[in-house]
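Notes follow once the structure below has been shown.
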Amino acid sequence: MTILLGDLCQTLDRMHEQGKCARFWLRDDDAVFPSKPLDRLIGVTADHGVPLVVAVIPAITGAPLAQRLCATPDVSIAVHGWAHLNHAPATQKKQELGAHRPVPVVLAELSEGLSTLHGLYGAQCLPMLVPPWNRIDPEVVQGLAGIGYRGLSVFGPEKPGPLVMLNTHVDLIDWRGTRGGRTDAALVADLQQALAAGIPDIGLLTHHLVHDAQAWDFLARLLAVTANHPACQWRKASDILHDRAALL
Ligand SMILES: [Zn+2]
29 MTILLGDLCQ TLDRMHEQGK CARFWLRDDD AVFPSKPLDR LIGVTADHGV PLVVAVIPAI
89 TGAPLAQRLC ATPDVSIAVH GWAHLNHAPA TQKKQELGAH RPVPVVLAEL SEGLSTLHGL
149 YGAQCLPMLV PPWNRIDPEV VQGLAGIGYR GLSVFGPEKP GPLVMLNTHV DLIDWRGTRG
209 GRTDAALVAD LQQALAAGIP DIGLLTHHLV HDAQAWDFLA RLLAVTANHP ACQWRKASDI
269 LHDRAALL
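So that you can map any letter, position 137 of the sequence shown is 165 in the numbering used here, and since no number is skipped, the others follow by simple counting.
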């Protein structure tokens, strides 16, 4: 264990002394096909008994991934947009679910995405949307409940809205730099900040297809430190959605 993860451990020890509990959940994006990196992710989470949400891209996935994931009951499925296509002009940040197309067109795709994944995964598929690039137009959000969605997951602090929000807050990947795993220092700082802010369920965001050695190594060490810590709980997304729906 590195010194930095030791710092996180000390924070958790203090929380334990104060009778507090840190709660986490794990979301992994961009699954389409079975792959060795996906097997590795399933392996490392299963080793520590950590539930996993895999955000699957409906338009381009199919039975092979479903056969792989249906064998793993601790893995839940979320709907990762429709085709993960960018409809924003080059001058804007990438968006599939932005205001660049009529809202009914976007909602029709998202409805088909949910029914596609329900067809492939049944009850293993949560009625939760994970917008590609974590961006979605507010008017599209207003229409999600009407087409069967109950939850929405983006990146950053949760904001009040018409659906249950279950966001991610710590991104394992350094998208603007190495496009590999962020440093221990950066990740532990984010985790400490999220704990200090009192975020009720801290979401860790991973992308199995781009993990380098640092990303895999940090993930394994983080799970080793946290999974059995008495002040730590890795929760199933379905349980969090259920609890939050009761509060809406
Ligand atoms: Zn994505």
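Here a beta-carbon is modelled for each residue, glycine too, at the ideal position from N, C-alpha and C.
Predicted model, so just to flag it, every value in this text is computed and none were measured.
Problem set entry | Beta-ladder partner(s) of D202, from DSSP | None; D202 has no bridge partner.
Exercise. When you compare only the Cα positions, how much space is there between S63 and I105?
Worked result: 16 Å
For this session: Taking only runs that begin and end inside the stretch 78-135, name each unbroken beta strand (DSSP E) of 3 or more residues, in chain order.
Result: 80-84 and 103-107
Problem set entry | Stretch pair the stretch 163-181 + the stretch 120-129: three plus CB contacts closer than 8 Å | yes
Exercise. Relative to the C-alpha of N162, which residue among D56, C49 and A255 is closest?
Worked result: D56
Exercise. Out of A214, R129 and A83, which has the shortest C-alpha to C-alpha gap to G179?
Worked result: A83
Problem set entry | Close Cβ partners of L145 (< 7 Å) along its chain, the five nearest in sequence each way excluded | V84, P86, I105, V107 and C153
For this session: In angstroms with no decimal places, state the Cα-to-Cα distance between D202 and D218.
Result: 13 Å
Exercise. What residues sit near ligand 1, counting only those whose C-beta is closer than 6 Å to one of its heavy atoms, in chain order?
Worked result: D57, D58, H108, H112 and P160
Exercise. Just the Cα atoms here: how many angstroms apart are C98 and P79?
Worked result: 14 Å
Exercise. What residues are listed by DSSP as bridge partners for G231?
Worked result: Beta-bridge partners of G231 (DSSP): W53.
Exercise. The beta strand (DSSP E) with L154 in it runs from where to where?
Worked result: C153 to L157
Problem set entry | Exposure label - L40; buried when at least 16 CB within 10 Å | Result: buried.
For this session: With DSSP collapsed to three states, give me the class of D165.
Result: coil
Problem set entry | Exposure label - R42; buried when at least 16 CB within 10 Å | exposed
For this session: Leaving out five residues on either side along the sequence, give the residues of the same chain with a beta carbon under 8 Å from the beta carbon of D35.
Result: V216 and Q220
Problem set entry | Helix, strand or coil at L33 according to DSSP, with G and I counted as helix | helix
Exercise. Should L233 be labelled buried (16 or more other beta-carbon atoms within 10 Å of its own) or exposed?
Worked result: buried
For this session: Quick one: residues in its chain with C-beta nearer than 8 Å to the C-beta of P65, no 5 flanking neighbours on either side, listed in chain order?
Result: H236, L237 and H239
Exercise. Under the rule that 16 or more other beta-carbon atoms within 10 Å means buried, what is N256, buried or exposed?
Worked result: Classification for N256: exposed.
Problem set entry | Exposure label - H270; buried when at least 16 CB within 10 Å | exposed
Exercise. From M156 to L33, what distance separates their C-alpha atoms?
Worked result: 31 Å
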